[in-house]
Amino acid sequence: MLVRRRPELPARWVLMSNPDTRCAVGIDVGGTKIAAGLVAFPSGCVLSRRKIATRPERGGEAVLTDALALVEELLGDSRDMDLDFAGVGVGVAELVDREGRVTSDHTIAWRGIEVGERFGEFGPVVIDADVRTAALGEAHFGSGVALGSFVYVSVGTGIGSCLVRDGRPWAGARGNALIMASSPLTTVCTECNASTHPILEEFASGPAIVKRFKAAGGRADSGEGVFDAAGSGNEEAIGILVSSGNALGVSIAFLVNVLDPEAIVVGGGIGLAGGIYWDRLESSMREHIWAESSRALPIVEAGLGVDSGFVGAAARIGGEV
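All residue numbers for the sequence shown refer to our numbering, where the first residue is 412 and numbers rise by one.
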């Protein structure tokens with residue numbers, strides 16, 4: 412059963428036996444928004460936060476300038492607090508190698524830019540892929556605290572996934588593990604009956620859902636608009652969410668078949684939206700899980716909600732995890 416509510420968090424998330432002694436800035440640079448927060452450790456409590464639109468079409472330098480400005484603001488917030496500043500953790504919606512270098516530029520054009528040096532002006536810095544920082548946040552302060560292993564799946568502007576074992580996200584040998592967005596699909600055009608071969612992110616992510624809805628004559632500027640239309644009974648919107656949920660469910664089932672995790676944790680703006688998208692995701696996933704004993708594995712929402720990314724990024728530098 413898909414658990415729509417966020418599970419109760421362990422007591423240690425709410426009240427730590429040891430008081431907070433340090434803080435770090437975490438920043439989550441996604442395709443739609445940049446979310447950042449000042450996070451205290453060891454509790455993982457968010458002390459202050461900021462959020463702005465990314466607008467990646469302006470280029471990598473403009474996005475970086477905005478991100479650095481958010482860090483500066485949050486550092487200002489920290490100056491009146493009796494906490495040691497540990498540094499800055501950054502999660503970005505691109506491929507990042509094990510040395511913290513951005514190695515792709517599909518959305519955020521930071522490839523070739525010395526991002527670490529720029530953030531390093533504020534102190535120690537760690538750069539990682541956003542899906543891994545979010546998975547880390549969930550592992551230590553969210554829905555994955557009590558799990559020995561889980562797969563974190565993020566669905567928003569993009570689609571990403573990460574395996575977590577014993578509290579540690581697995582990056583793979585080069586930082587490219589589990590690139591779920593590029594999973595190939597085969598769909599059939601309803602007008603000409605011809606097969607098409609999109610990848611998952613081009614079919615089931617937030618922008619893909621909006622694009623498909625507009626192509627069908629609908630009006631929506633965001634994934635939320637498509638969900639609202641479906642909730643009002645719009646047949647095109649319902650069909651798009653059903654097919655998108657089906658596609659995502661098949662891809663998650665493949666990960667379950669290969670990795671056999673204890674649970675699936677779902678985050679991201681679309682991932683937390685609920686509705687028929689997730690009803691179909693659950694049905695499709697369970698239909699395509701091969702081992703009968705795995706079909707009842709739990710699926711839960713990200714306990715930190717949309718804060719997972721920046722909390723996990725901050726934890727990379729300040730949380731001793």
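Cβ atoms here follow ideal geometry from the backbone N, Cα and C, with glycine treated the same way. Model, not experiment: these values are computed from the prediction.
Taking the beta carbon of residue i as the centre, do at least 16 other beta carbons fall within 10 Å, making it buried, or is it exposed?
{"i": "D632", "result": "exposed"}
{"i": "N668", "result": "exposed"}
{"i": "P430", "result": "exposed"}
{"i": "D577", "result": "exposed"}
{"i": "D718", "result": "buried"}
{"i": "S643", "result": "exposed"}
{"i": "T601", "result": "Because T601 sits at a pLDDT of 48, beneath the cut-off of 50, its placement in the model cannot be relied upon, and the following sentence gives the value as read from the coordinates. Classification of T601: exposed, given that the 10 Å Cβ count is below 16."}
{"i": "S655", "result": "buried"}
{"i": "G487", "result": "exposed"}
Could you name the residues that DSSP lists as bridge partners for residue i?
{"i": "E712", "result": "V677"}
{"i": "A435", "result": "V450"}
{"i": "K622", "result": "Its beta-bridge partners do not exist; DSSP assigns none."}
{"i": "Y563", "result": "C573, V676"}
Would a C-beta distance cut-off of 8 angstroms place residue i and residue j closer than the cut-off?
{"i": "E693", "j": "G716", "result": "no"}
{"i": "D541", "j": "G511", "result": "no"}
{"i": "V722", "j": "G437", "result": "yes"}
{"i": "G553", "j": "I728", "result": "no"}
{"i": "G506", "j": "G617", "result": "Before going on, a small fix: residue 506 reads as Leu here, not Gly. In this structure, G617 does not lie closer than 8 angstroms to L506 by Cβ."}
Express the C-alpha separation of residue j and residue i in angstroms, rounding to a whole number.
{"i": "G548", "j": "A726", "result": "7 angstroms"}
{"i": "S459", "j": "A557", "result": "26 angstroms"}
{"i": "A588", "j": "G448", "result": "27 angstroms"}
{"i": "A546", "j": "V637", "result": "27 angstroms"}
{"i": "A605", "j": "G650", "result": "Residue placement at A605 is flagged as unreliable, the pLDDT there being 43, under the threshold of 50; the coordinate-derived value follows with that caveat. So the alpha carbons of these two residues sit roughly 18 angstroms apart."}
{"i": "A582", "j": "R623", "result": "32 angstroms"}
{"i": "A641", "j": "L611", "result": "21 angstroms"}
{"i": "V621", "j": "A658", "result": "16 angstroms"}
{"i": "V450", "j": "A584", "result": "29 angstroms"}
{"i": "S705", "j": "A520", "result": "39 angstroms"}
{"i": "R433", "j": "S454", "result": "10 angstroms"}
{"i": "P535", "j": "N645", "result": "50 angstroms"}
{"i": "G628", "j": "E647", "result": "8 angstroms"}
{"i": "Y563", "j": "I445", "result": "20 angstroms"}
{"i": "P580", "j": "R543", "result": "6 angstroms"}
* Contact between the stretch 486–494 and the stretch 568–585 (3+ Cβ pairs under 8 angstroms) -> The stretch 486–494 vs the stretch 568–585: no contact.
* the stretch 523–531 / the stretch 460–468 touching (three or more Cβ pairs under 8 angstroms) -> By the Cβ rule, the stretch 523–531 does not count as touching the stretch 460–468, because fewer than three pairs are nearer than 8 angstroms.
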